[in-house]
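Visitor: Heads up: the sequence shown runs through residues 1 to 431, numbered per full-length UniProt numbering.
Virtual Cβ for every residue (Gly too), placed ideally from N, Cα, C.
Got a structure for you, questions after.
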Amino acid sequence: MNISRSTYLYNRARNVIPSGVNSPVRAFKSVGGTPLFIKKASGSILTDEDDNEYIDLIASWGPMILGHANPKIAEAINNKVEYSTSFGAPTEIEIAIAELITKMAPNIDKIRMVNSGTEACMSAIRLARGYTGRDKFIKFDGCYHGHSDSFLIKAGSGASTFGVPNSPGVTKGTANDTLTARYNDLEDVARLLEENKGEVAAIILEPVCGNMGCVLPKEGFLEGIRELCDKYELLLIFDEVMTGFRLAQGGAQEYFGINADLVTYGKVIGGGMPVGAFGGREEIMNYLSPDGPVYQAGTLSGNPIAMIAGYTMLKELYQNPQIYEGLAEKTTYLAEGLERVFSESIYDYRINHIGSMINVFFVDVDVVDFDTASQNNSELFGKFFHAMLNRGVYLPPSPYESYFLANSLSYEQLDHIINATIESLARMKFD
Ligand SMILES: *Cc1c(COP(=O)(O)O)cnc(C)c1O
1 MNISRSTYLY NRARNVIPSG VNSPVRAFKS VGGTPLFIKK ASGSILTDED
51 DNEYIDLIAS WGPMILGHAN PKIAEAINNK VEYSTSFGAP TEIEIAIAEL
101 ITKMAPNIDK IRMVNSGTEA CMSAIRLARG YTGRDKFIKF DGCYHGHSDS
151 FLIKAGSGAS TFGVPNSPGV TKGTANDTLT ARYNDLEDVA RLLEENKGEV
201 AAIILEPVCG NMGCVLPKEG FLEGIRELCD KYELLLIFDE VMTGFRLAQG
251 GAQEYFGINA DLVTYGKVIG GGMPVGAFGG REEIMNYLSP DGPVYQAGTL
301 SGNPIAMIAG YTMLKELYQN PQIYEGLAEK TTYLAEGLER VFSESIYDYR
351 INHIGSMINV FFVDVDVVDF DTASQNNSEL FGKFFHAMLN RGVYLPPSPY
401 ESYFLANSLS YEQLDHIINA TIESLARMKF D
């Protein structure tokens with residue numbers, strides 16, 4: 001029997017890589033089936049190892065906001081690579097990207113580069129703790145801040161303020177310092193702050209969530225969080241790993257007009273290379289080593305190839321701010337198209353979208369937090385995912401992930417997605 005090359009590669013991968021993948025969502029566990037192995041991509045078209053083509057709505061989980069194989073980014077990387085790929089010593093390109101970021105993003109006096117969003121969030125929390133001299137922090141159920149221990153904590157049961165580990169290997173001791181609140185619920189945050197007065201260093205959140213599907217902050221929520229941070233004299237950390245340079249040039253801070261004290265970045269910032277960063281007000285950032293007492297380091301941080309890719313990406317966005325309007329128009333067009341199609345179907349649904357982030361939930365409630373996001377019918381989602389894949393549309397293979405639009409998407413491709421949705425919804429009840 002002939003098996004597909006993706007199936008062959010998946011079987012081969014499983015022998016030597018846990019679950020065959022280097023990051024869990026890629027394994028298609030929540031939608032079933034065999035993951036596709038990707039050979040190449042250009043613009044918004046992915047080509048798998050069997051030469052099937054798909055319209056890409058993942059955009060590498062965000063970074064590919066200009067589309068794949070952007071010629072300027074590719075050229076910049078190619079030109080730089082001959083000068084060696086790493087020195088472990090300072091380079092000029094690190095200054096150039098830092099200067100550009102401080103111009104693009106509000107409230108960033110200084111920024112330090114790391115290698116992933118996980119590192120950025122982990123370091124920002126350490127810095128907030130070091131700066132305030134307090135141990136605890138508040139995060140929200142359904143927000144994702146990478147896989148470092150102190151974020152892999154869920155709320156304890158009942159009225160308990162103690163968190164519990166979300167994964168074996170995370171200690172109870174770690175869980176005691178992570179408090180979890182309900183997204184879009186200011187009272188829940190106020191309660192935690194009262195119960196832990198003088199102990200909370202920071203509140204960290206995704207100003208727009210993309211990791212429980214796309215969930216928007218309710219009006220007044222972010223403002224309320226800012227006020228609570230001021231009242232209790234703690235730091236507000238915006239995790240802009242997804243929204244940074246995507247929602248607007250200056251990310252969610254610019255989009256909503258709210259100042260965070262520290263901001264974390266990832267995804268778009270690296271132009272597809274492994275880059276993260278965290279930045280903020282000067283007096284906080286000066287707490288970092290070696291001038292300051294809070295330790296933080298990285299052998300490959302500020303890597304020249306990663307920096308030239310990120311710099312070229314950010315410069316494109318900086319010089320062409322109309323990209324953001326174009327992306328928002330495309331997303332609205334897709335949202336309206338999907339709204340038409342779903343409203344004529346037999347399925348309950350909600351569509352959340354903002355900027356270039358969107359997704360469809362199979363639910364009959366408004367999705368505003370993790371509880372409502374969890375009502376997403378994962379069986380229907382799995383069928384929808386495969387029906388769309390069969391029609392050449394690659395959605396995120398998980399009901400808990402936002403779709404990301406890239407500026408390379410054409411209106412023809414958006415129409416293809418809408419038409420594929422009509423066919424998929426009609427077909428699903430037979431699958
Ligand atoms: C992806 C993501 C992270 C983690 O970034 P990695 O580069 O995967 O470590 C952190 N926060 C948010 C909001 C993210 O979307």
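So who's on the other strand from Pro165, going by DSSP bridges?
Guide: Numbered from its first residue, the sequence shown carries residue 165 at position 165. Per DSSP, Ile153.
Visitor: If you reduce the DSSP assignment to three classes, tell me which class Cys121 lands in.
Guide: Here the question's residue 121 lines up with position 121 in the sequence shown. Three-state DSSP puts Cys121 in a helix.
Visitor: What does DSSP give as the partner residue(s) for Thr264 in the beta ladder?
Guide: The count along the sequence shown starts at 1 and reaches residue 264 at position 264. Partner(s): Asp239 and Phe278.
Visitor: To which residues of the same chain is Val368 closer than 6 angstroms at the C-beta, ignoring the five residues directly before and after it?
Guide: Translated into positions along the sequence shown, residue 368 becomes position 368. Within the same chain, Val368 has close Cβ partners Asn184.
Visitor: Pop quiz: His147 and Thr118 are said to be a contact at Cβ under 8 angstroms. What is the actual Cβ separation, rounded to whole angstroms?
Guide: Mapped onto the sequence shown, residue 147 falls at position 147. Mapped onto the sequence shown, residue 118 falls at position 118. Contact holds; Cβ gap of about 5 angstroms.
Visitor: Using the beta-carbon count (16 or more within 10 Å), is Val365 buried or exposed?
Guide: Numbered from 1 along the sequence shown, position 365 holds the residue referred to as residue 365. It counts as exposed.
Visitor: With a cut-off of 8 angstroms, do at least 3 Cβ pairs link the stretch 305-317 to the stretch 339-352?
Guide: no
Visitor: Residue range of the alpha helix (DSSP H) that residue 449 falls in?
Guide: This structure does not reach residue 449, given that the chain is present from 1 up to 431, and the question cannot be answered.
Visitor: For Ala59, which of Asp51, Asn52, His68 and Glu53 has the nearest alpha-carbon?
Guide: The residue you call residue 59 lines up with position 59 of the sequence shown. Nearest to Ala59 by alpha-carbon distance, out of Asp51, Asn52, His68 and Glu53, is His68.
Visitor: The beta strand (DSSP E) spanning Ile138 covers which residue range?
Guide: Counting from 1 along the sequence shown, the entry for residue 138 is found at position 138. Segment Lys136 to Phe140, the beta strand (DSSP E) holding Ile138.
Visitor: Sorted by chain position, which residues of the same chain lie with C-beta nearer than 6 angstroms to Leu152's C-beta, five sequence neighbours on each side aside?
Guide: Translated into positions along the sequence shown, residue 152 becomes position 152. Excluding positions up to five away in sequence, the list reads Asn166, Ser167 and Val170.
Visitor: Count the other CB atoms within 10 Å of the CB of Asp188; is the residue buried (16 or more) or exposed (fewer)?
Guide: The count along the sequence shown starts at 1 and reaches residue 188 at position 188. Buried, since its Cβ has 16 or more Cβ neighbours within 10 Å.
Visitor: Any idea which residues DSSP pairs Asn359 with across the strands?
Guide: As a first step, residue 359 is located in the sequence shown; it is residue number 359 there, counting from the start. Asn359 pairs with Asn352.
Visitor: Which residue spans inside the stretch 12-53 form an unbroken beta strand (DSSP E) run of at least 3?
Guide: 38-42 and 45-48
Visitor: Within 10 angstroms of the Cβ of residue 455, are there 16 or more other Cβ atoms? Answer buried if so, exposed if not.
Guide: Any property of residue 455 remains undetermined from this structure, which presents the chain solely from 1 to 431.
Visitor: Should Thr118 be counted as a contact of ligand 1 given a C-beta to heavy atom distance under 6 angstroms?
Guide: The residue you call residue 118 lines up with position 118 of the sequence shown. Within the cutoff, so yes.
Visitor: Within a Cβ cutoff of 7 angstroms, which residues of the same chain sit near Met64, ignoring the five residues on either side of it in sequence?
Guide: Taking the sequence shown and counting its residues from 1, the one referred to as residue 64 is at position 64. Excluding residues within five positions, the ones whose Cβ falls inside 7 angstroms are Gly272 and Ala406.
Visitor: In three-state terms, what does DSSP make of Phe404?
Guide: Position 404 of the sequence shown holds residue 404. Three-state DSSP puts Phe404 in a strand.
Visitor: Three or more C-beta pairs under 8 angstroms: does that hold for the stretch 42-54 against the stretch 67-82?
Guide: yes
Visitor: Do Gly292 and Asn286 have their C-beta atoms closer together than 7 angstroms?
Guide: For this step, residue 292 is matched to residue 292 along the sequence shown. For this step, residue 286 is matched to residue 286 along the sequence shown. In contact: Gly292 and Asn286 (Cβ atoms closer than 7 angstroms).
Visitor: With DSSP as the reference, please indicate the residues paired to Met113 in a beta bridge.
Guide: Stepping through the sequence shown from its first residue, residue 113 is reached at position 113. The partner list for Met113 (beta bridge, DSSP) reads Ala277.
Visitor: So, with DSSP's three-state summary, where would you put Thr91?
Guide: In the sequence shown, the residue the question calls residue 91 occupies position 91. If DSSP states are grouped into helix, strand and coil, Thr91 belongs with coil.
Visitor: Between Glu206, Asp230 and Val208, which lies nearest to Val200 when the distance is taken from Cα to Cα?
Guide: Along the sequence shown, read from residue 1 onward, the residue named residue 200 stands at position 200. Checked all of Glu206, Asp230 and Val208; the closest Cα to Val200 is Asp230.
Visitor: Could you give the residue range of the alpha helix (DSSP H) that holds Val341?
Guide: The sequence position of residue 341 within the sequence shown is 341, counting from 1. Element bounds for Val341: Gln322 to Ser343.
Visitor: Would you report the Cα separation of Met113 and Ile3, rounded to the nearest angstrom?
Guide: Taking the first residue of the sequence shown as 1, we reach residue 113 at position 113. Taking the first residue of the sequence shown as 1, we reach residue 3 at position 3. Rounded to the nearest angstrom, the two C-alpha atoms are 43 angstroms apart.
Visitor: Grab me the residues of Thr47's own chain with a C-beta within less than 6 angstroms of its C-beta, minus the 5 sequence neighbours each way, in chain order.
Guide: By 1-based counting over the sequence shown, the position of residue 47 is 47. For Thr47, where only same-chain residues beyond five positions count, the Cβ hits under 6 angstroms are Lys39, Lys40 and Glu53.
Visitor: Determine contact between the stretch 235-254 and the stretch 75-90, defined as no fewer than three beta-carbon pairs at a distance below 8 angstroms.
Guide: no
Visitor: Using the three-state DSSP reduction, which class does Gly213 fall into: helix, strand or coil?
Guide: Here residue 213 refers to the residue found at position 213 of the sequence shown. Of the three classes helix, strand and coil, the one that applies to Gly213 here is strand, per DSSP.
Visitor: With Ala202 as the anchor, note down where its beta strand (DSSP E) starts and where it stops.
Guide: The residue given as residue 202 occupies position 202 in the sequence shown. Here the beta strand (DSSP E) through Ala202 covers Val200 to Leu205.
Visitor: Please list, in chain order, all residues of the same chain as Ser301 whose beta carbon is under 7 angstroms from its beta carbon, the five residues on each side excluded.
Guide: Taking the sequence shown and counting its residues from 1, the one referred to as residue 301 is at position 301. Only Met113, Val114 and Asn115 meet the Cβ criterion.
Visitor: To the nearest whole angstrom, what separates the beta carbons of Ile93 and Tyr311, a pair I think is in contact under 8 angstroms?
Guide: Translated into the one-based positions of the sequence shown, residue 93 becomes position 93. Translated into the one-based positions of the sequence shown, residue 311 becomes position 311. Right, their Cβ atoms sit about 6 angstroms apart.
Visitor: Rank Ile418, His386, Ile323 and Cys214 by C-alpha distance to the C-alpha of Ile358 and give the top, closest one.
Guide: By 1-based counting over the sequence shown, the position of residue 358 is 358. Out of Ile418, His386, Ile323 and Cys214, Cys214 has the C-alpha closest to the C-alpha of Ile358.
Visitor: So Ser398 and Ser30 are in contact, right, with Cβ under 8 angstroms, and what is the actual spacing, rounded?
Guide: In the sequence shown, counting from the first residue as 1, residue 398 sits at position 398. In the sequence shown, counting from the first residue as 1, residue 30 sits at position 30. Contact flag correct, Cβ pair sits at about 5 angstroms.
Visitor: By alpha-carbon positions, which one of Thr7, Ile55, Leu9 and Ile308 ends up nearest to Ala98?
Guide: Here residue 98 corresponds to residue number 98 of the sequence shown, with the count starting at 1. Ala98 has its Cα closest to that of Ile308, out of Thr7, Ile55, Leu9 and Ile308.
Visitor: Just confirm the distance between the C-beta atoms of Leu57 and Phe404, as a whole number of angstroms; I'd bet it's less than 8 angstroms.
Guide: To locate residue 57, count along the sequence shown from 1; it is residue 57. To locate residue 404, count along the sequence shown from 1; it is residue 404. The Cβ separation is near 7 angstroms, so the contact holds.
Visitor: Checking the sheet assignment: what are the DSSP bridge partners for His147?
Guide: Locating residue 147 in the sequence shown gives position 147, where the first residue counts as 1. DSSP, once it has assigned bridges, lists no residue as partnering His147.
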